[in-house]
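Step one of this worksheet: look at the structure below.
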Amino acid sequence: EKNLCLRAYNLVRSRYDLPPVRITLDKRVPFGAGLGGGSSDASMVIRALNEEFKLEMSVREMVEMAAALGSDTAFFIENRVQLCTGRGEIMQPIDLDLSGLWLVVIKPPFGVSTAEAYSGVRPALPARSLAERLADDRTTWQEQIVNGFEPHIFAAHPRLAELKQTLLDSGALYAAMSGSGSALFGLYERKPSVEFAEDIFVHIQQL
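Here the working numbering = 1-based position in the sequence shown + 39.
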């Protein structure tokens with residue numbers, strides 16, 4: 040019962056009378072990427088069961104269920120920008136409009152394990168909150184908003200640092216590793232023209 044989709048189903052079934060179901064998972068988010076692929080799968084199962092069987096669960100109840108499955112699972116119950124603290128289950132919606140920007144997500148052919156990521160991170164309390172820094176002009180984000188996983192993960196996987204620099208060199212106004220890696224992303228004001236090696240997963244879309 041390590042499968043998060045099955046665990047999500049069993050959790051909902053422990054509270055509601057559910058029939059057996061068949062779950063078909065169209066996997067589009069790569070594993071080991073720091074993109075919440077498994078966590079979002081579990082959240083979508085909770086949401087789908089609620090809708091399909093008209094369980095009338097509140098958002099709060101679904102969030103509580105999702106939080107029981109993983110640290111960042113609850114984040115994916117609602118489709119909006121939120122600041123997460125604690126284990127990831129304490130969420131605060133923020134007003135951050137990224138519409139019109141272009142997003143580039145890339146992932147090399149290797150992942151970063153959660154154990155590897157957290158073993159070397161050195162948390163530090165910033166002088167200003169993330170919400171305050173996000174409220175500043177976008178041109179300041181690259182200097183002010185830093186992924187704390189990057190220093191030791193980039194030291195262990197230098198190619199990630201090179202890929203981040205490629206994003207910046209191609210005009211990204213902000214680029215960073217996503218979560219604990221190994222995916223990276225860049226935000227652009229215009230549709231980017233950037234090329235990567237054939238072994239790199241690339242997703243480009245306008246927000």
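Don't be surprised by glycine CBs; every beta carbon is placed ideally from N, CA and C.
Taken in chain order, the whole beta strand (DSSP E) runs of length 3 or more contained in the region 86 to 155 are 121 to 124, 129 to 132 and 141 to 146. According to the DSSP assignment, F224 belongs to the beta strand (DSSP E) that extends over L223 to Y227.
Taking the CA atoms as reference points, L43 sits about 14 Å from V68.
As the crow flies, the alpha-carbon of L88 is around 36 Å from that of G187. A72: not part of any alpha helix (DSSP H); DSSP gives it neither H nor E. Between the alpha carbons of S138 and L207 lies a distance of about 20 Å. For a cut-off of 8 Å, the C-beta gap from V98 to E128 is around 14 Å, too long to register as a contact. Counting along the chain, A236 sits inside no alpha helix (DSSP H), nor does DSSP assign it H or E at all.
R86 and M101 have their C-alpha atoms roughly 7 Å apart. Partner residues in the beta bridge of Y213, as assigned by DSSP, are L226. With respect to Y213, W180 sits close: the two C-beta atoms are nearer than 7 Å. For the pair S78 and V151, the CB atoms are not nearer than the 7 Å cut-off.
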